[in-house]
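For reference, the structure is listed below as structure tokens.
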């Protein structure tokens, strides 16, 4: 069962992708509106946190 951080990271990714698909200003990889930037930053922070956790587990 995936952990909560992974699930939140994936949900944030889906939320941004859904937004970008319907937003005339944002692209798949580049947010260009207020909501898009907010969603993309949330996704990026969760992704960084998840990857950091994976790296820490490998070094133990």
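Residue numbers (my numbering): 1 to 60. Ideal placement from N, C-alpha and C gives every residue a C-beta, glycine not left out. All values derive from a computational prediction rather than experimental measurement.
Nearest to residue 12 (by Cα), restricted to the options 42, 54 and 53: Ranking the options by Cα distance to residue 12, first place goes to 42.
Alpha carbon to alpha carbon, how far is residue 39 from residue 59? Between the C-alpha atoms of residue 39 and residue 59 there is a straight-line separation of about 31 Å.
So, do the region 2-9 and the region 21-38 have three or more beta carbon pairs nearer to each other than 8 Å? Three or more Cβ pairs closer than 8 Å define a contact, and the region 2-9 falls short of that threshold against the region 21-38.
With burial defined as no fewer than 16 other Cβ atoms inside 10 Å of the residue's Cβ, what is the status of residue 20: buried or exposed? Around the C-beta of residue 20, 16 or more other C-beta atoms lie within 10 Å, and the residue is accordingly described as buried.
Pull up the distance between the alpha-carbon of residue 51 and that of residue 24, whole angstroms please. The straight-line gap from Cα to Cα measures roughly 30 Å.
Can you tell me whether residue 46 is buried or exposed, with buried defined as 16 or more other CB within 10 angstroms of its CB? Buried: at least 16 other Cβ atoms inside 10 Å.
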